[in-house]
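Only one structure is covered here, and it is reproduced in the block below.
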Amino acid sequence: MSKTKEQTDYSNNDEDISFITQFLKGDNAGFNGLVVKYQDQIMNLCVRVLGNYTDGQDAAQETFVKVYKNLHTFKGEALFSTWLYRIAVNTCRNKQRSWWSRFSRSAVKLDAPIRNEENDRIREVSDTSLSPEKDLKRHRIAEAVKKALATLPKKHRELIVLRDIQGRSYEEIEQILNISLGTVKSRLVRARSAMQERLRGKINGLY
Amino acid sequence: MDSTKIHEMLPDFVRGLLNEEDSHTVQEGLKQSATLRKEYEELRSYYRALETLEQVNASSSFLSTVHTRIAAPLTLGTLIKKIFTPLQIKLPLELAGLAVTVAIVVLIYNPFSSRKIAPVVFDESAIQAKRVPVEIQHIEEAAPEKDIQPSVKEKERVSEQKEIKRKDIKKRAAPAVRTHKRPEKPSQVHAAQPEKVASGKSVGLMKSLPATGEPEEKAAKSAAIETVNETTEEMEPLALAKPAPSPAPKAGTMVIDDDEIYATKILKRSDSILMEAKTPKPAVDDVGLLALSISAEQSREIYKKEEETLKVNALRAQQQMSLDKEKDRKSSRKRKKKAESEIAAARAASPVHNVTFAVIERKITAHNGTFSLMHDKPQTPEKKYYFIEIPRKDFSNLKKALESEGKISDEKFSLEVSEAEKIQFNLIVSIE
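One line per chain: the protein sequences are A and B, in this order.
119 is the number that the numbering used here gives to position 119 of the first sequence; each next residue is one higher, with no gaps.
1230 is the number that the numbering used here gives to position 230 of the second sequence; each next residue is one higher, with no gaps.
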């Protein structure tokens, strides 16, 4: 693990602590700072884990609502980001368990245009491709990845998202998922293997 | 470094997360192992594929939506969501709660118990006994500290009041004018009486006699005071029921005693109460048994006496017939015929005891009674069982009449229980 990332994590945590202190003093700006800082990460996590933008957004918002209500219980024993991720993962798990969530889950494609709640603008995936051909390939690969991710077991999916997509450290994952480091590593190997197995033949030759 | 360690570090090497030393180690391993190189290529493809996933950004309204949700009141939907989500965890808890609630309800109300409520049986006599007459209620309304119970105590109290009234009426025969000042407490009257009587000042209810100074009058006055004080004491419970006590009149003045008026009213009311309290009288009551023993000698005497009477009657009838020959021949004939038949009947009555029984039966009918022989009993020439019904008021006279013929050997009566107009009893007449 690079020392640079750890240093970044702790500097981030110092910033988080200052936000928290501000919030606990009664200034909502502290909470707003935390939301703005982590909203994209939590949105990504929730959307990837739940495989649905709407549910992901709902879970992400619910996560921050929980944070708002329980921030006074945060003891600072772990990084704030870890605490936040843990809440987000648990919220996603609860959402996955709810029967009407599963029943009403619509197969919304992440790359499909979705209307924005605020101003009805169409959200589109950012276009970074250089050519239409490459763009098409990229879309196909992304679709294959999403399908593979969606078919993974829940435990493996969480690990892949946290480690391989979000880039969280093993120690963080250990705390977020509340499992041992060895379990994290071994389970991650199996999860990667399963992903590669699902993607084999679909991504070969695209690069 | 072994290949396992390099294998573990390979993903981080692909992503460029390793430090220089670890990166160098992995590079060395890749140069030596074709398997590692293949794995490296697969991982590279894998991570490149993951990089194709676009970053999902939160909407610009994300923060405001969060604040809206924080400030949102608890709606039914959110409440249901809160209660039932996640179903996997909360449903068993809710079912457990429901089971506990049902268990508590069953424990408290016990709906499956075989115990049944006993049917309510209305005892008419008990209801009548408990019925509160309107008069009593009126009295008790004025005395709220008293318990309204038209019970035996109430009747006793009313009886006492009647007795008081009778005493009072007797006393009124004396030329006395009563003044009245009610004592505050009955106990005070008790304590104060001797001194008050001795000093001639009674605080209680007293008769104010003319102050003549004569010894007889003084004695009468003392006696009157004593009697009236007793009366007052007894009437105290009722006196409490009076709406407003009258002011104490001056001694020696003529005062209409409102206590007496009040007592009279109470007596009238009590009469009605007692009348109501009485249970309906039965028409006839079977009250018991009377056994009359007549000796054989007595029986013969009865026979002789009867025969003489019959003869005298026959003779009289004959004389009368001769006197009324012209006037009322028909009636004379009837009398004669009757006398002859009676003599014939008396002569036909054999043995002698039959006359005795006939005399007894005549006495029964003479006292407005009716009789019949009890067929379920062995009727012999010496012993007969009668079933007699007679007006209650004539019973004592009949009894006396029977006693004149013989001796009442056994008597089992419960007359005091019965309040019927007519009574029934068994009469056993035996000639010994």
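The beta carbon of each residue, even a glycine, is placed where N, CA and C say it ideally should be.
Quick caveat, the model's predicted, so the values are computed rather than measured.
The region 1025–1038 of chain B and the region 1067–1078 of chain B do not touch, with fewer than 3 CB-CB distances between them shorter than 8 angstroms. Residue-level contact by beta carbon holds for glutamine 196 of chain A and chain B, with a gap shorter than 8 angstroms. Assigned with DSSP and collapsed to three states, proline 1011 of chain B falls in helix. For phenylalanine 64 of chain A, the nearest CB of chain B lies under 8 angstroms from its own CB, placing it at the interface with that chain. The beta-carbon of valine 89 of chain A is placed no less than 8 angstroms from the nearest beta-carbon of chain B. Rounded to the nearest whole angstrom, the C-alpha separation of asparagine 32 of chain A and valine 1100 of chain B is 44 angstroms.
If you look at proline 1391 of chain B, you'll find it in the beta strand (DSSP E) that goes 1383–1391.
Inter-residue distance for lysine 1384 of chain B and arginine 1316 of chain B is about 33 angstroms (C-alpha atoms, whole angstroms).
Contact note: leucine 199 of chain A reaches chain B through Tyr1046, Ala1049, using a C-beta cutoff of 7 angstroms and chain order. DSSP lists no bridge partner for alanine 1366 of chain B.
When rounded, the separation of the alpha-carbon atoms in glutamine 1320 of chain B and lysine 1338 of chain B is 13 angstroms. By the criterion of at least three beta-carbon pairs nearer than 8 angstroms, the region 184–201 of chain A is in contact with the region 150–157 of chain A.
Three or more beta-carbon pairs separated by less than 8 angstroms link the region 1010–1022 of chain B to the region 1031–1049 of chain B, which places the two stretches in contact. With a cutoff of 8 angstroms on beta-carbon distance, alanine 1291 of chain B and aspartate 1410 of chain B are scored as near each other. Under the 8 angstroms Cβ criterion, the region 161–175 of chain A does not count as touching the region 52–65 of chain A, having fewer than three qualifying pairs.
Under the criterion of beta carbons closer than 8 angstroms, asparagine 13 of chain A and leucine 84 of chain A do not qualify as touching, at roughly 11 angstroms. C-alpha of asparagine 1313 of chain B to C-alpha of threonine 1356 of chain B: approximately 18 angstroms in a straight line. Assigned with DSSP and collapsed to three states, alanine 191 of chain A falls in helix. Linking arginine 48 of chain A to asparagine 1110 of chain B through their CA atoms gives a straight-line distance of about 54 angstroms. Membership of leucine 177 of chain A in the alpha helix (DSSP H) is indicated by the continuous run 170–177.
The region 1050–1060 of chain B makes contact with the region 140–150 of chain A, as at least three CB pairs between them are under 8 angstroms. Within the region 1064–1077 of chain B, those residues whose Cβ lies closer than 7 angstroms to any Cβ of chain A are, in chain order, Thr1065, Val1066, Arg1069, Ile1070. In this structure, lysine 1363 of chain B and glutamate 1389 of chain B do not form a Cβ contact; the two beta carbons are roughly 15 angstroms apart against a cut-off of 8 angstroms. Under DSSP, isoleucine 203 of chain A takes part in no beta bridge, so it has no partner. Apart from the 5 residues on each side of it in sequence, leucine 199 of chain A sits with its Cβ closer than 8 angstroms to the Cβ of Ala144, Val145, Ala148 in its chain, given in chain order.
Sixteen is the threshold: when 16 or more other Cβ atoms of the shown chains lie within 10 Å of the Cβ of leucine 1398 of chain B, as they do, the residue is buried. For phenylalanine 1425 of chain B, no alpha helix (DSSP H) encloses it; the enclosing beta strand (DSSP E) starts and ends at 1422–1431.
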